[in-house]
DNA sequence: GTCTATACGTGGATAGAC
DNA sequence: GTCTATCCACGTATAGAC
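Chains as they are written, first to last, in the working numbering: chain R, 3 to 185; chain Z, 3 to 185.
Next up, the structure:
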C-alpha cells in the first residue's frame, strides 16, 4: 500500500518546518528535506512549486488569521477592554498554529517578510494592531510596554524552551505577563 | 591618501552587521558586502579568514561580556536584589553593544548558536543566567515570567522598530517592564 | 507519484600578480 | 592591501522516463 498524496505533502511541511526552524531557511537545502523523508528533490517539486512555496504554505493560514484579527479589531470601539481582548485572541491564534510556527517566524523574519510582495507583510500587520491597541495619545514608553505585552506571546514561547512547560502553563503565564504590562 | 587598514576592517564589520541583520546571514553574500564597500571579495579575505569569522568578530565581545556577567552572578548571594541587578547589568551590556547586534542575534539564532563548537553557546549561557536568577523553588509560571523579564531587553528593542524611540526611552521602558514582571 | 539526469547559477574560498 | 582569475561545491529547478 503506497502512501497517500496528502501524507507526503503533510510530511514535507512537517519536516520543512522543523529544519527551517532549527537551522534557518537558507541553511536548509531541499536535498536535506528530501533525504530525511526518503524521497528525492523532484518529489518535492511535485507537491510545491518552489522552496518559497513551502514557506507560504506553512505560513499562509497564520497570516490570514492575523488579517481577520486586524479587521475585527479595526471595527471595535477603542479602550482598555479591546486591549485585553486582542491579546487574548492573538494568544489563541498563536497557540492554534503551533509554537514551532511562531519560533520559525521569529528566527526567519527576512523570509516571512517577503512572502507576498506588494501586500502588507506580517510585521506591518502587527504594527497596525499595535496602533489600534495603543491609541493615539500614549507616551512612547506606554506604547513600548503595550507592544511588548502583545509580543509576550512569542517571548514566552521562546523562553519556555527547555523548561518542559505545557500549553496551559504557557497560556497562563502569558495572560499574567500581559496583564501586568497593560494594567 | 589610502584608507587605513582599521577603517576597512571596521567598514566591513559595519556593512556586514547591517546586511546580516536585514536580510539574514546566508541570504547575504560576500559579494554584496564587497560591492557595497567598493572592494572585491578577495579584499574581505585579507581581513577575515571566512564568512563565519566576520560573525565571530561581530559577536565575540558580546559573548565575553555575557560570560563575565554569568561568572559574577554565580558568586553573588541569591535573592530578589540579585534579580534586579542582573537585569540592570544585562540591559547595560545589551545597549553597549548596540541594538543592531541584539537584532542580529535574534534573527540569526542558528548562526550565533554554532560559533564556538564545543564551548557553551549564547543560549546555554542565558539558561545558566535564568537559573541563577530564578532560584530552585519557583513554579513553572514564575520561572517563565522571570525569563521573559530578562528577555524584555530584546523584546523591547524589537518592539521599538519604527517608533523612533531613544536609548533613554528604551532603557526606561525596559526597567519598568522588568519591574512589573519580577515584583 | 516518484525517479534519474542534468542544466544553470551562485556562493565561498584560494592562487598569484601588482 | 587590493586586485583578477579561477576552482569547486552546492543549491534550485526542470525535462522526461517509468
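In this text, a Cβ means the ideal position worked out from N, Cα and C, and glycines have one as well.
Residue-level contact to chain R via CB, residue i, 7 Å cutoff
i, result
"residue 112 of chain Z", "yes"
"residue 2 of chain Z", "Since the first and last residues shown for chain Z are 3 and 185, residue 2 of chain Z lies out of range."
"residue 142 of chain Z", "yes"
"residue 58 of chain Z", "no"
"residue 179 of chain Z", "yes"
"residue 28 of chain Z", "yes"
"residue 167 of chain Z", "yes"
"residue 146 of chain Z", "yes"
"residue 183 of chain Z", "yes"
"residue 75 of chain Z", "no"
"residue 136 of chain Z", "no"
Rounded separation between residue i and residue j - CA only
i, j, result
"residue 162 of chain Z", "residue 40 of chain R", "44 Å"
"residue 117 of chain R", "residue 24 of chain Z", "15 Å"
"residue 11 of chain R", "residue 49 of chain R", "6 Å"
"residue 104 of chain R", "residue 75 of chain R", "21 Å"
"residue 30 of chain R", "residue 21 of chain R", "6 Å"
"residue 102 of chain R", "residue 181 of chain Z", "29 Å"
"residue 169 of chain Z", "residue 145 of chain R", "15 Å"
"residue 85 of chain R", "residue 93 of chain R", "12 Å"
"residue 137 of chain R", "residue 174 of chain R", "26 Å"
"residue 19 of chain R", "residue 171 of chain Z", "37 Å"
"residue 61 of chain Z", "residue 15 of chain Z", "10 Å"
"residue 36 of chain R", "residue 52 of chain Z", "29 Å"
"residue 68 of chain Z", "residue 127 of chain Z", "8 Å"
"residue 79 of chain Z", "residue 153 of chain R", "32 Å"
"residue 2 of chain Z", "residue 129 of chain Z", "For chain Z, the structure presents residues 3 to 185; residue 2 of chain Z sits outside this window and is missing."
"residue 26 of chain Z", "residue 110 of chain Z", "7 Å"
"residue 7 of chain R", "residue 106 of chain R", "25 Å"
"residue 55 of chain R", "residue 120 of chain R", "17 Å"
Extent of the continuous alpha helix (DSSP H) to which residue i belongs
i, result
"residue 139 of chain R", "Neither: residue 139 of chain R is in no alpha helix (DSSP H) and is coded neither H nor E."
"residue 61 of chain Z", "53-77"
"residue 43 of chain Z", "43-49"
"residue 38 of chain Z", "32-39"
"residue 18 of chain R", "7-25"
"residue 109 of chain Z", "101-109"
"residue 168 of chain R", "No alpha helix (DSSP H) contains residue 168 of chain R, which DSSP labels as neither H nor E."
"residue 98 of chain Z", "82-98"
Chain Z within 7 Å of residue i, Cβ atoms only
i, result
"residue 100 of chain R", "no"
"residue 150 of chain R", "yes"
"residue 71 of chain R", "no"
"residue 94 of chain R", "no"
"residue 130 of chain R", "no"
7 Å Cβ cutoff met for residue i and residue j
i, j, result
"residue 151 of chain R", "residue 183 of chain R", "yes"
"residue 132 of chain R", "residue 115 of chain R", "no"
"residue 158 of chain Z", "residue 176 of chain Z", "yes"
"residue 96 of chain R", "residue 155 of chain R", "yes"
"residue 57 of chain Z", "residue 38 of chain Z", "no"
"residue 99 of chain R", "residue 64 of chain R", "yes"
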